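A.B. asks: I have a structure I would like to understand better, so I am pasting it below and will then ask my questions one at a time.
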Amino acid sequence: MKKITRITGAVLAAATAVSLCVPATGCAKQEIIGELTVINYGEYLDPEMLDLFTAETGIKVNYEEAVTAEEMYTKYSSGAISYDLVCSTDYMMQKLINDGELQQIPWDQFEYRDNIGDKYFDFCTAFDPDNQYCLPYFWGTLGILYDTTKVNGPIDSWDVLFNGEYAGEIIMQNSMRDTFMVALKYLGYSINTDDPDELREAQQLLIAQKPDVQAYLVDEARDEVVAGNAAMAVVYSGEAYLGHEYNNNLEYVVPSEGSNVWIDCWGITKNCEHPEYAAAFLDFLCREDVAMANFEYIYYSTPNEAVIASLDEEDRSNEALVPSDSATENCEVCVQASDETTALLNELWMELRSE
Amino acid sequence: MNESEGRSSSRRTWLSGPYILWIAVFTILPLIVIFKYSLTDNAGSFTLDNISAVFSPINMKAIWFSFKIAFGCTFFCILLSYPMVLAMKHLGLGKKSFSLFIIILPMWMNFILRILAWQMILSNNGLLNLLLTSLGFEPVRIANTSAAIMIGVVYDYLPYMLLPIYMAIMEINEDLIEAAKDLGASGFTVFRKVILPLSVPGLLSGTVMVFVPSMTSFVVSDILGGGKLQLIGNIIEQDFTAGNNWHMGSGLSVALMIFILISMPFTAKHEDQGHESVIW
Amino acid sequence: MRRLKDILSGIYVGFIAILLYAPILVLIVLSFNDSRSRVTWGGFTFKWYATLFSNGQILDALLTTVVLALGSSAIAVLIGVPGALGIHAMSKKKYNFFMGLTNIPMLNADIVTGIALMLWFVHFIPLGFGSVLLAHITFNIPYVILSVMPRIQQMNVSVYEATRDLGAGPVYSFFKVLLPEMMPGIISGFFMAFTMSMDDFVITYFTKGAGVNTLSTMIYGQIRKGIKPEMYALSTLIFIAVSIILIVVNNISDKRKTVTSDNGIERI
Chain C
143 MKKITRITGA
153 VLAAATAVSL
163 CVPATGCAKQ
173 EIIGELTVIN
183 YGEYLDPEML
193 DLFTAETGIK
203 VNYEEAVTAE
213 EMYTKYSSGA
223 ISYDLVCSTD
233 YMMQKLINDG
243 ELQQIPWDQF
253 EYRDNIGDKY
263 FDFCTAFDPD
273 NQYCLPYFWG
283 TLGILYDTTK
293 VNGPIDSWDV
303 LFNGEYAGEI
313 IMQNSMRDTF
323 MVALKYLGYS
333 INTDDPDELR
343 EAQQLLIAQK
353 PDVQAYLVDE
363 ARDEVVAGNA
373 AMAVVYSGEA
383 YLGHEYNNNL
393 EYVVPSEGSN
403 VWIDCWGITK
413 NCEHPEYAAA
423 FLDFLCREDV
433 AMANFEYIYY
443 STPNEAVIAS
453 LDEEDRSNEA
463 LVPSDSATEN
473 CEVCVQASDE
483 TTALLNELWM
493 ELRSE
Chain P
35 MNESEGRSSS
45 RRTWLSGPYI
55 LWIAVFTILP
65 LIVIFKYSLT
75 DNAGSFTLDN
85 ISAVFSPINM
95 KAIWFSFKIA
105 FGCTFFCILL
115 SYPMVLAMKH
125 LGLGKKSFSL
135 FIIILPMWMN
145 FILRILAWQM
155 ILSNNGLLNL
165 LLTSLGFEPV
175 RIANTSAAIM
185 IGVVYDYLPY
195 MLLPIYMAIM
205 EINEDLIEAA
215 KDLGASGFTV
225 FRKVILPLSV
235 PGLLSGTVMV
245 FVPSMTSFVV
255 SDILGGGKLQ
265 LIGNIIEQDF
275 TAGNNWHMGS
285 GLSVALMIFI
295 LISMPFTAKH
305 EDQGHESVIW
Chain U
21 MRRLKDILSG
31 IYVGFIAILL
41 YAPILVLIVL
51 SFNDSRSRVT
61 WGGFTFKWYA
71 TLFSNGQILD
81 ALLTTVVLAL
91 GSSAIAVLIG
101 VPGALGIHAM
111 SKKKYNFFMG
121 LTNIPMLNAD
131 IVTGIALMLW
141 FVHFIPLGFG
151 SVLLAHITFN
161 IPYVILSVMP
171 RIQQMNVSVY
181 EATRDLGAGP
191 VYSFFKVLLP
201 EMMPGIISGF
211 FMAFTMSMDD
221 FVITYFTKGA
231 GVNTLSTMIY
241 GQIRKGIKPE
251 MYALSTLIFI
261 AVSIILIVVN
271 NISDKRKTVT
281 SDNGIERI
């Protein structure tokens with residue numbers, strides 16, 4: 143017993159020392175004039191930019207992260223925390239708009255909105271017809287990242303995921319819409335289908351595929367292919383760029399059957415009491431140096447044309463970083479499904495997961 | 035237990051006032067809230083659907099799998115811990131603080147990081163297979179299987195089994211063992227008649243501390259199961275995060291709680307022995 | 021025969037030790053990896069140790085984790101010790117009832133405890149550091165009570181009553197008689213509570229608010245995009261620090277033990 147006494151004493155002393163030392167390192171000199179509570183995907187913003195924003199404006203940012211769009215919606219709708227700003231994916235932004243959860247972005251308070259290309263605002267009209275609610279942040283496609291040393295010849299079709307040739311070497315997305323999207327596109331249906339028969343057919347295909355799937359992952363899929371644990375994975379285009387950086391044998395392809403083009407946007411919630419703070423934050427994100435810092439932190443495709451213009455020729459022609467118009471030709475934007483379809487999808491997804 | 039004291043000086047009971055208040059506010063009331071959620075639907079009207087959902091094929095499958103994992107985890111933890119403690123005792127490590135330190139130290143490292151490290155060890159192209167192939171063996175495919183989850187939970191909860199068994203066995207009076215030997219008992223008889231019975235409280239304590247958490251964990255299965263295998267903890271977690279279905283999640287939680295309380299009838303008995311869950 | 025048994029015992033202890041420490045070794049190696057991705061080896065570097073100390077977020081999370089563990093275990097002791105004394109003085113029936121309640125957070129799955137507290141908190145208080153602290157105190161008190169109770173049961177209360185009869189005030193008697201007797205139980209309870217709080221992920225995950233991160237929740241958030249290499253550096257430093265503390269303390273207490281037993285005084 144006595145040694146525990148001493149251990150506890152020593153640990154206590156060390157812990158107290160830590161708690162006394164740490165605050166001395168980080169301190170904000172700027173006087174705090176207000177606060178913003180923000181929810182975003184994990185690792186989807188350079189945290190140093192948050193400090194910079196607070197230093198410049200005196201607005202403190204309470205930053206919260208979520209893994210999937212669905213998780214974000216749950217956190218938001220539970221009301222446990224009142225958020226001022228949300229960054230989420232197209233179909234989830236549409237749901238928020240339709241539910242009346244967002245307020246119009248005061249564009250007249252923006253200085254750097256023009257840095258965002260018109261093309262991307264046009265994308266957004268699929269779910270935000272008058273560009274009132276959404277500020278494009280990052281975008282990309284969904285495709286297959288594969289290891290050229292482990293496959294026979296280049297890949298051009300979703301077929302490789304379903305034909306059994308690469309059993310045990312496949313990683314799928316652990317996300318309901320993304321996984322169904324792959325099956326629906328392979329079967330030649332729209333990714334936004336409401337037809338229960340088409341959805342069930344897609345589910346049957348995915349259930350049959352499950353024994354061949356090594357794992358259902360999210361962004362960690364990239365590391366698994368880099369490490370050679372699997373031959374191929376369904377990933378977002380941005381992950382492919384980093385994958386190639388770590389392992390030169392990796393290639394990324396958007397299959398010829400078409401795919402999903404996605405766009406993540408910022409919106410201001412209806413509960414936000416200081417839209418002017420929120421607008422200042424969004425405008426800050428559009429500024430070239432900040433957008434550049436975020437781009438270099440995340441390496442997803444940016445809609446910020448000032449940033450694209452400053453890239454070197456090699457990066458600018460990289461499909462994973464700046465997808466070309468031809469690559470997105472066959473791609474669809476995902477829109478919010480009806481409540482019945484969402485419920486059916488949830489049920490089919492749970493069945494697939496428990497198989 | 036000293037029965038004569040305390041019971042007479044009942045004026046001391048007021049000392050527990052703050053604690054009883056704390057239990058009421060932070061243990062009882064939250065349970066009432068979760069019960070309320072479990073018995074209502076989104077519109078707020080009464081329903082038993084959330085509780086009976088536990089019998090749906092998906093949930094039954096997850097519960098059965100969780101039970102197998104918890105049972106296997108407890109079994110392997112005992113299987114690994116007991117010889118470990120006996121070996122430590124044999125080597126005379128028992129009296130050295132160093133041995134306790136070996137067991138406790140890993141618990142101070144973040145468990146998520148340690149499980150992630152296991153993922154790197156067990157993956158197809160990972161360290162274990164590197165070792166096997168360099169020794170001329172065939173590589174194994176454990177990553178993203180129930181075997182990987184089992185290794186993860188056994189690793190994670192092994193100290194919770196080691197410590198109580200260690201405490202129980204090290205407390206056994208050496209004279210007792212010597213006396214048994216002097217009376218002609220063989221090594222095995224000493225074990226069966228002296229060491230084993232005296233270590234039962236430690237075994238029970240360890241079982242409680244391993245069984246429940248391994249049954250309900252969701253992080254280990256998340257990281258080592260590759261999203262292909264679901265414990266009941268994963269389903270409840272999904273209901274509260276991605277699924278946005280708090281009533282269903284509450285219903286499953288309540289069902290899980292009842293299941294655990296039923297499956298642990300021996301805990302009440304072993305508390306009377308005064309050993310309780312003191313593992314340090 | 022004896023010799024063979026020694027060797028087998030040694031091999032087995034070594035095997036379990038490797039099992040316990042293999043993942044920690046992996047983490048230590050990763051902290052010197054000059055690549056942001058954990059799956060590629062980019063050469064040896066010390067740079068993550070340097071960048072760790074300029075990473076405000078990780079240091080904040082470390083601070084939150086430590087303050088939370090210290091604060092929640094200290095408050096748990098302040099509430100739990102009088103609680104145990106009071107419950108011990110109750111009738112058998114009440115005693116069993118309250119000890120049963122005390123067991124609830126320990127027997128309940130973490131996920132159920134966390135969710136029940138979250139559902140309760142969202143109705144009354146904003147989720148933030150405070151809600152996590154309340155949650156940690158709640159699951160820490162039982163560890164304190166269950167550690168202290170056996171000491172109270174073994175306590176010789178007649179000494180306490182004798183001092184009272186001799187005219188000592190209750191406060192004086194408490195500090196001079198009861199507290200020293202309970203001290204080992206209090207300390208092991210505090211130690212357990214501290215460890216449990218440091219190691220908790222699930223309950224924190226469900227009860228935390230925006231912007232509050234402990235090391236566990238921060239690491240969980242980084243699983244998808246890849247753990248920041250600074251985390252491995254921090255873990256290595258914690259590992260070294262705790263090892264040194266434990267080794268030093270063990271040496272001191274082992275030495276003292278020899279001295280005290282020479283004097284024939286056996287302390288607990």
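Protein chains in written order, with our numbering: chain C, 143 to 497; chain P, 35 to 314; chain U, 21 to 288. Just so it is clear, CB atoms sit at the ideal spot from N, CA and C, and this is done for glycine as well. For clarity, every value in this text was computed on a predicted model and none was experimentally measured.
What three-state label does DSSP hand P:Asn278 in the structure shown?
C.D. replies: Secondary structure of P:Asn278 (DSSP, three-state): coil.
A.B. asks: State yes or no: is the C-beta of C:Ile108 within less than 9 angstroms of the C-beta of C:Ile247?
C.D. replies: Outside the shown range of chain C, which is 143 to 497, sits residue 108 of chain C, and nothing can be said about it.
A.B. asks: Within a Cβ cutoff of 7 angstroms, which residues of the same chain sit near U:Ile95, ignoring the five residues on either side of it in sequence?
C.D. replies: Ile157
A.B. asks: May I ask you to report which of helix, strand or coil DSSP gives P:Gly51?
C.D. replies: helix
A.B. asks: Could you tell me which residues DSSP pairs with C:Tyr205 in its beta bridges?
C.D. replies: Secondary-structure assignment with DSSP links C:Tyr205 through a beta bridge to C:Val180.
A.B. asks: Taking a Cβ distance cut-off of 7 angstroms, strictly less, list which residues of the segment 353-387 of chain C are near chain U, in chain order.
C.D. replies: Val360, Asp361, Glu362, Asp365, Val368 and Ala369
A.B. asks: Give a yes or no on whether 9 angstroms exceeds the smallest Cβ distance from C:Gly282 to chain U.
C.D. replies: no
A.B. asks: Residues in the same chain with beta-carbon distance under 7 angstroms from C:Ile349, minus the five sequence neighbours each way, listed in chain order, please.
C.D. replies: Leu494 and Glu497
A.B. asks: Any C-beta of chain U sitting closer than 9 angstroms to the C-beta of P:Phe105?
C.D. replies: Judged by the 9 angstroms Cβ criterion, P:Phe105 is not in contact with chain U.
A.B. asks: Grouping DSSP H, G and I as helix and E and B as strand, with all else coil, what is C:Thr283?
C.D. replies: strand
A.B. asks: What in chain C is Cβ-close to P:Asn278, meaning under 9 angstroms?
C.D. replies: Glu212, Glu213, Tyr215, Thr216, Ser219 and Ser220
A.B. asks: Hey, could you find the ends of the beta strand (DSSP E) U:Met175 is sitting in?
C.D. replies: Where U:Met175 is concerned, there is no enclosing beta strand (DSSP E), given that its DSSP letter is neither H nor E.
A.B. asks: Using a 10 Å radius around the Cβ and a threshold of 16 neighbouring Cβ atoms, would you call P:Ser284 buried or exposed?
C.D. replies: buried
A.B. asks: Would P:Leu197 be called buried (16 or more neighbouring beta carbons within 10 Å of its own) or exposed?
C.D. replies: buried
A.B. asks: Under DSSP, the alpha helix (DSSP H) around U:Val46 begins and ends at which residues?
C.D. replies: Arg22 to Leu50
A.B. asks: Span of the alpha helix (DSSP H) holding C:Ser230?
C.D. replies: Run containing C:Ser230: none in the alpha helix (DSSP H); it sits in the beta strand (DSSP E), Leu227 to Thr231.
A.B. asks: Note down, in chain order, each residue of its chain lying with its Cβ closer than 7 angstroms to the Cβ of P:Ile199, except the 5 sequence neighbours on either side.
C.D. replies: Ser115, Tyr116, Val119, Ser233, Gly236, Leu237 and Gly240
A.B. asks: Rounded to whole angstroms, what is the Cα-Cα separation between P:Ala121 and U:Ser55?
C.D. replies: 41 angstroms
A.B. asks: Can you round the beta-carbon distance between C:Ser332 and C:Leu326 to whole angstroms, since I take them to be within the 8 angstroms contact cut?
C.D. replies: About 7 angstroms separates the two Cβ atoms, so the contact holds.
A.B. asks: Between U:Thr122 and the rest of its own chain, which residues show a CB-CB distance below 6 angstroms, the 5 nearest in sequence each way excluded?
C.D. replies: Non-local C-beta neighbours of U:Thr122 in its own chain, meaning closer than 6 angstroms and more than five positions away in sequence, comprise Pro162 and Ile165, ordered along the chain.
A.B. asks: Please determine, among C:Thr283, C:Asp256 and C:Ala211, the residue with the shortest C-alpha to C-alpha distance to C:Val376.
C.D. replies: The residue with the shortest Cα to Cα distance from C:Val376 is C:Thr283.
A.B. asks: Would the segment 246-255 of chain P count as touching the segment 97-117 of chain P if we require 3 or more Cβ pairs under 8 angstroms?
C.D. replies: Yes: the two stretches touch, three or more of their Cβ pairs being nearer than 8 angstroms.
A.B. asks: Where does C:Trp300 sit, in a helix, a strand or coil, going by DSSP?
C.D. replies: coil
A.B. asks: DSSP state of U:Pro204, grouped into three classes?
C.D. replies: helix
A.B. asks: Chain P partners of U:Lys25, CB-CB under 7 angstroms?
C.D. replies: His124
A.B. asks: Looking only at DSSP bridge pairs, what is C:Val376 linked to?
C.D. replies: C:Ile286
A.B. asks: If you measure beta-carbon to beta-carbon, which residues of the segment 38-63 of chain U are closer than 9 angstroms to chain P?
C.D. replies: Those would be Leu39, Leu40, Tyr41, Ala42, Pro43, Ile44, Leu45, Val46, Leu47, Leu50, Arg58 and Val59, in chain order.
A.B. asks: To which residues of the same chain is P:Ile206 closer than 8 angstroms at the C-beta, ignoring the five residues directly before and after it?
C.D. replies: Val228, Ile229, Leu232 and Ser233
A.B. asks: Mapping DSSP to helix, strand and coil, what is C:Glu474?
C.D. replies: strand
A.B. asks: In chain U, which residues lie with their C-beta within 8 angstroms of the C-beta of P:Thr61?
C.D. replies: The contacting residues are Leu121, Ile124, Pro125 and Thr158.
A.B. asks: Between the Cα of C:Gly295 and those of C:Tyr218, C:Val395, C:Asn436 and C:Trp408, spot the shortest distance and give me the residue it belongs to.
C.D. replies: Comparing Cα positions, the closest option is C:Val395.
A.B. asks: Could you give the uninterrupted runs of the alpha helix (DSSP H) lying entirely in the segment 307-375 of chain C, keeping only those of 4 residues or more?
C.D. replies: List check, alpha helix (DSSP H) in window: 318-328, 338-351 and 363-368.
A.B. asks: Of all the CB atoms in chain P, is at least one closer than 9 angstroms to the CB of U:Ala109?
C.D. replies: Under the 9 angstroms criterion on CB atoms, U:Ala109 is classed as interfacial with respect to chain P.
A.B. asks: I want to verify the contact list: residues of chain P whose CB lies under 7 angstroms from the CB of C:Arg495, in sequence order.
C.D. replies: Gln264
A.B. asks: Could you tell me whether the Cβ of P:Asn207 comes closer than 9 angstroms to any Cβ of chain C?
C.D. replies: no
A.B. asks: Is any beta-carbon of chain U found at less than 9 angstroms from that of C:Gly176?
C.D. replies: no
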